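Peer 1:
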Amino acid sequence: MTATTARPAIAGTILDLIGATPLVRLNRVVPEGAATVLGKLESFNPGGSVKDRIALSMIEDAEKDGRLRPGSTIVEPTSGNTGIGLALVAAVKGYRLVLTMPEDMSLERRQLLERFGAELHLTPAIEGMTGAVFAAQQLVERNPGYFMPQQFENASNPEVHRRTTAREIIEATAGQIDAFVAGVGTGGTITGVGEVMREELGERVRIVAVEPARSPVLSGGRAGMHGIQGIGASFVPGVLNRAVYDEVVRIEDKHTTTETVKATPDITCDPIFTTPEETVSVASMIGIEEELSTARQTYQAAKTIVQNAMHDTRLGRAINMDEVNRVVSDMSDSILRNPDALTSLTRLKSFDEYTFYHSVNTSILAMSLGRHLEFERTTLHQIGVGSLLHDIGKMKIPTEILNKPGRFQPDEMEIMKQHVLRGVEILSTTTGLGDSYLRPALEHHERVDGTGYPYRRIRSELSQVGMMAAVVDIYDAMTSDRCYHKGQAAHEALQFLYRLSLEGHLDTALVQQFIHVVGLYPVGSIVELNTGETGVVKEVHHHAPLAPVVLLVKSAGNTLLSQPKELDLVAQIEKPHRSITIVLDAKQGSYIAVMAVNQGYATKLSLWQHRVIRRFAQRQLNGRTDLVALAQAKADIRALVERDFNR
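Residue 1069 in the working numbering sits at position 373 of the sequence shown, and the numbers go up by one each step.
Here it is, written out as structure tokens:
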């Protein structure tokens, strides 16, 4: 790829259109006349992002030095735009491309990659990018002819920006540049452009690196989880020249969203298109602590409104849908601002008011799952309303059966099952509720293998919303205290859900995604660390499920701390690193189910059994490639799980 400031009138291939992207004046960022601020429209590249440049450069450089030959296979772990760039280049040049990525990547991105001809190897969502990297390494080790570009370490990454991006900017501005600002992802852009500007324009140019405030590794802070896609790798990339920039600016997640701009009257922006990787989800706007107060108010309001709706239904009155829609809208807002605040409140249970809390919890969990699956806001609202009212038919069941302090007799169970169709009757006559709102009520007791009720429908006859409702309904029911049993621990409920999916009763993919939503260690779980310390899970990192934020409450000597101490397991620098070894039952203090990392489900384990799993998990997290030991660990896990499940 050579430098050019103009695109050809007739391109030989689509690859000839990579680079030579325009600069555009940003007229609303600063007051008129204060400064000239320019943005470079990398979305004009054929693949839609700046990563097209490095994808082409890494491939062409590998061709020149013989690392890549005709017929070779390219392998890369990616969840972002580098994969799209590589797919574009590989399609034009005729290479086979294998991309490893977590299975929870958006369907839109996966379809785009497949249309370019890429082969996707999806890794368990619970393993995050760690699992994708490990899978790519395995492929390369087993197949000597495979080539892995490794964008974070590849010198072709900053070099292409030296040859092209820097030249385009300097020539377009005639070198009249006071400052250059770039976010740091792989570090290639700021390194390549910054080095050329230093060489040609000297110290008069101020070069500024931007990183997430929640993962400020470039400015000496600790790595952490954040919501700004495309930058902030939580480590210092190998290709980054840290001497090239003058300053590092930390930016909060909420300051990168269009919602923040809309909410701030004195800030306006130019309508410039960004790629999916460059657009930050509104769900990452604020932290769980900031959202928790609002979430509590919303939760209690939802419980009251469900109570009113059920009372009205029992008396034969119409449901106040204005109230329902308003509170579901508030719930949607909260989940979009932070997906964990409301979800954490679903652990609040009340025996006396189970039906009301269960309805609210089911709605929250269903919307959280929908948000994770990247549903549009309109769809989230429909899921929320339908799930909030999914048990409304219970108000037409005789109270002596509904409130029976024990398990139902067969004839009573048949009467209880009628709540599904009675609920659908009520909702179908409620103004403004179409078929999509009725699905949670109609299908939350159906099973994908046709063993559910009322119609024994199979997967092809069920809606996705209905299958989601089935998963979250079981989870909340199992973790709640009922008149005839104590609620089970979250891990035990997740184990049961996964077992149902293995047996074909529930949709396996949805169960896996739901586990990713609530976390391997859900908020509120009491855990013991490898140091002997005890703590409570405060916050879940969805991209690092093994490493939540923990509030330490007891020392290694089992002494109660005077003040809880917060520990973010994903942001540890001091060694040895602490990790969760067991989960404790809050009521009995006994060992309970611990998630088997590679298998995706839980089983009750002895201490020595758990160590096998921890060793395997640690190999994955450390990127070790001892395949013999790894295969043995997997076999150990499989044998343990099969033994326990077959008891």
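Here a beta-carbon is modelled for each residue, glycine too, at the ideal position from N, C-alpha and C. Nothing here was measured: the structure is a model prediction, and the numbers come from that model.
Whose C-beta lies closer than 6 Å to the C-beta of V892 among residues of the same chain, with five residues either side of it excluded?
Peer 2: R858, A862
Peer 1: Is it true that the stretch 1091 to 1111 meets the stretch 1202 to 1217, where meeting means three or more beta-carbon pairs spaced less than 8 Å apart?
Peer 2: No, the stretch 1091 to 1111 is not in contact with the stretch 1202 to 1217.
Peer 1: Fully enclosed by the stretch 1200 to 1253, which alpha helix (DSSP H) runs are 4 residues long or longer?
Peer 2: 1204 to 1214
Peer 1: Thinking C-beta only, is V1245 closer than 9 Å to L1256?
Peer 2: Contact flag unset, no.
Peer 1: DSSP three-state label for R703, please.
Peer 2: coil
Peer 1: Does DSSP classify A828 as helix, strand or coil?
Peer 2: helix
Peer 1: Determine the closest residue to R795 out of N1226, L914, G776, T1204, with distance taken between C-alpha atoms.
Peer 2: In the sequence as presented, Arg is not what sits at residue 795; that position holds Leu. Ranking the options by Cα distance to L795, first place goes to G776.
Peer 1: Just how far apart, CA to CA, sit V1024 and F1071?
Peer 2: 15 Å
Peer 1: Applying the 10 Å Cβ sphere with the 16-neighbour rule, what's the burial state of A803?
Peer 2: One point to set straight first is that residue 803 is Leu, not Ala, in the sequence displayed. Classification for L803: exposed.
Peer 1: What residue does the beta strand (DSSP E) around A905 start on, and which one ends it?
Peer 2: For A905, the enclosing beta strand (DSSP E) has its first and last residue at 902 to 908.
Peer 1: Could you work out which residue in I1170, H1181, R1178, K1182 is closest to Q1191 when comparing CA atoms only?
Peer 2: I1170
Peer 1: Quick check on Q1259: does DSSP put it in helix, strand or coil?
Peer 2: strand
Peer 1: Following the continuous alpha helix (DSSP H) through I927, name the residue where it begins and the one where it ends.
Peer 2: Unbroken run through I927: none, as it is neither H nor E.
Peer 1: Mind checking which residues open and close the beta strand (DSSP E) that includes P1150?
Peer 2: Element bounds for P1150: n/a, residue is neither H nor E.
Peer 1: Quick one: what's R721 bridged to in DSSP?
Peer 2: L734
Peer 1: Leaving aside the five residues before and after T709 along the sequence, list all residues of the same chain whose C-beta is less than 7 Å from its C-beta, in chain order.
Peer 2: V788
Peer 1: Is the beta carbon of S1132 sitting closer than 9 Å to the one on V1161?
Peer 2: yes
Peer 1: Which stretch, first to last residue, makes up the beta strand (DSSP E) that contains A814?
Peer 2: Careful: A814 lies outside any beta strand (DSSP E) and carries neither H nor E.
Peer 1: Work out the CA separation of L1202 and S1221 for me, nearest whole Å.
Peer 2: 25 Å
Peer 1: How is D1036 classed by DSSP in three states: helix, strand or coil?
Peer 2: coil
Peer 1: Run through DSSP, which three-state label would A787 get?
Peer 2: helix
Peer 1: Would you kindly work out how many angstroms separate the C-alpha atoms of N937 and G827, rounded to a whole number?
Peer 2: 28 Å
Peer 1: If you compare alpha carbons, which of Y791, T717, K1234 is closest to D748?
Peer 2: T717
Peer 1: Out of G1228, K1250, G1253, V1236, which has the shortest C-alpha to C-alpha gap to I1278?
Peer 2: G1228
Peer 1: Which of the three DSSP states is assigned to G879 in this structure?
Peer 2: strand
Peer 1: For the stretch 848 to 892, which segments carrying the alpha helix (DSSP H) assignment without a break, of at least 4 residues, lie completely within its bounds, in sequence order?
Peer 2: 852 to 856, 862 to 869
Peer 1: Within a Cβ cutoff of 6 Å, which residues of the same chain sit near K1092, ignoring the five residues on either side of it in sequence?
Peer 2: R1118
Peer 1: Determine contact between the stretch 1120 to 1130 and the stretch 1014 to 1024, defined as no fewer than three beta-carbon pairs at a distance below 8 Å.
Peer 2: yes
Peer 1: How about the stretch 731 to 739 and the stretch 753 to 762: do they share at least three Cβ pairs that are nearer than 8 Å?
Peer 2: no
Peer 1: DSSP three-state call for F1104: helix, strand or coil?
Peer 2: coil
Peer 1: Identify the residues that DSSP records as bridge partners of T796: which are they?
Peer 2: DSSP output for T796 lists P773, H817 as bridge partner(s).
Peer 1: With a threshold of 9 Å between beta-carbons, can D874 be considered close to chain D, or not?
Peer 2: Annotation note: the requested chain D is absent from the structure, which comprises a single protein chain.
Peer 1: Give the straight-line distance between the Cα atoms of H1237 and I984, rounded to the nearest whole angstrom.
Peer 2: Each residue's Cα considered, the two are about 11 Å apart.
Peer 1: Checking 9 Å against the spacing of the C-beta atoms, do A831 and E772 come in under that value?
Peer 2: no
Peer 1: Give me the Cα-Cα distance between A1005 and S745, rounded to the nearest whole angstrom.
Peer 2: 49 Å
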